[in-house]
Amino acid sequence: MEKGNRGTMKTSVDAVSGVERKITVEIPAEEVDRRIEREFAELRRSVPLRGFRKGKAPMEMVKRMFRTSVEAEVSERLVRESLTEVVKEKDLKVLSLPGVDGAKISPGRDFVFSATVEVIPEVEPVDYKGIPVVREKVNVTDEDVSAAVERLRESFAQFHPVEGRGATGSDLVEFGFTAAAGGETVDKSDAMAVVLSGGLPYGEEFERRMLGVEPGTTRAFEIAYPADFRNPKYAGRTVAFEVKVSAVREKKLPEMDDAFAKQFGDVTGLDDLKKNIRERLVAEGEERSRHTAEEGLRKALAERTPFVVPATLVKRQTIAMMQDTFQRLASQGLDLKKMNMDVDKMSERFAPNAERMVRVSLLIDAIARKENIDTSFSEIDAEMKAMAAAEGIEYGKVREMYGSEERMDALRDRLLERKVIGFLMENANVTEGSPE
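Numbering-wise (my numbering), the sequence shown opens with residue 541 and increments by one.
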């Protein structure tokens, strides 16, 4: 227990748990009375009362009329000020200052109250050097290169009108449609252009029903969708489609030769293109391998140092993860209101990962302090210049983006984490293999 006697105020701090501290404060009656009298004097000067000029009302009348509100105001102020002073004096890393229910002052009596605050725990990382880490060996085969070349070729495909036959799975079909269920139109489009085997948003059964359609024809059919179908407009309903086909186009791929290869920057021919593609695949594989290995290291680090993680930080991280999910779904054009998402269940599902992320973050901060790892202004500046180059924007605009103290701190924390993870990887027991 830590004790203090700051002037006339007595304080004590007791550890309730690894993340909680009980602060007890005792303010002597003399200070309580002085603060109450000062508040009454201020009210008398500033509040007009009927029948009296401002500042001339009898003090007894002011006290009789405002005693309850004054005592409540002084009580709240003393709690807030004293807790703030104790936190600063004891260097407590509190996550928030609580209100103190039932803390009431009485003239002529000492004011004693207690408050339990949540604090960031003092973490002592152990065994963080020599962590076993499995890193996947990157092996790019000729088949991988050929598949990448074929995907590139597919991206330059052209579609030409066909006549005398119906659509096949590889054809592009242009059509308009209406979809009705329960006597109402649930979906409609005047112009769609899709490859039948390309994963239509209306499901595989729709694709099958469209096989064989010809330009200038109309096709009608019904599809019974399961209750868990991804599109809420159709889920659990029998939908009647009427499709009007305007064109069917056949896919033609370009010849894979030197002429095609030379379209892609400073490339001398097809072999040179394949060489560049192999190098890119290796770089991408190395990045995935590094990321997977670092995730394994984070997991192992979290398991090696047990400590209680503050619930407030876990809740904040959970909320941040949920907000990211909502933004990603909204960016895909999904109506969150119609998805009937169970926020409580989502929070429960995210909480374990949120707890691990907070635990790792606290450990990284502790390791950084222990190993004297820090980020310099020049490193932060270099990172912003790299971001500007990667995004193709001016350096000044990136500086503006990180103009606030909060955003700059977030960037600094991100760089610090990168450096600490790099330090841990350098000191890890790394072996090649297949991560679990």
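In this text, a Cβ means the ideal position worked out from N, Cα and C, and glycines have one as well. Source: prediction; values computed, not measured.
- Annotated three-state conformation of F696 is coil, per DSSP.
- If you look at S901, you'll find it in the alpha helix (DSSP H) that goes V883 to K910.
- If you draw a straight line from the Cα of G716 to the Cα of E703, it comes to about 19 Å.
- Rounded to the nearest whole angstrom, the CA to CA distance from M862 to Y942 is 24 Å.
- Within the same chain, Cβ atoms closer than 8 Å to the Cβ of L583 are found at V602, F606 and V610, the five residues on either side in sequence being excluded.
- The shortest CA-to-CA distance from R952 to any of S918, E754, T725 and T971 is the one to S918.
- Contact check between the region 798-805 and the region 638-651: fewer than three CB pairs, one atom from each, fall below 8 Å, which does not count as touching.
- In the same chain as R749, and ignoring 5 residues on each side of it, the C-beta atoms closer than 6 Å to its own belong to F761, in chain order.
- Taking one beta carbon from each stretch, the region 843-853 and the region 552-559 have 3 or more pairs nearer than 8 Å; the two touch.
- In the DSSP secondary-structure assignment, F651 is bridged to I567.
- F781 and G756 have their C-alpha atoms roughly 16 Å apart.
- Cβ-Cβ distances below 7 Å link I567 to M549, L618, S622, D650 and F651 in the same chain, with the five nearest sequence neighbours on each side left out; the list follows chain order.
- A check of alpha carbon separations from A775 across K784, A799 and G743 identifies G743 as the nearest.
- Under the three-state reduction of DSSP, L740 is assigned to coil, being neither helix nor strand.
- Taking T608 as the centre and dropping the five residues before and after it, the same chain places no C-beta closer than 6 Å to its C-beta.
- Look at the beta carbons and you see the region 858-877 touching the region 891-911: at least three pairs across the two are nearer than 8 Å.
- Here the C-alpha atom of R691 lies approximately 43 Å from the C-alpha atom of S916.
- Inclusion of G706 and E754 in the CB contact set at 9 Å is warranted, their separation being smaller than that value.
- One alpha carbon belongs to E843, the other to H831, and they sit about 19 Å apart.
- Contact annotation: Q698 and K791 have beta-carbon atoms nearer than 9 Å.
- If you draw a straight line from the Cα of D768 to the Cα of L903, it is about 41 Å long.
- Ranking K773, M732, A799 and F800 by CA distance to the CA of K784 puts M732 first.
- For F769, the secondary structure class from DSSP, reduced to helix, strand or coil, is coil.
- Annotation: the region 916-954 contains the following complete segments of the alpha helix (DSSP H) (minimum length 4 residues), in chain order: 917-931 and 935-941.
- Annotation for V735: the continuous beta strand (DSSP E) segment containing it runs E724 to V735.
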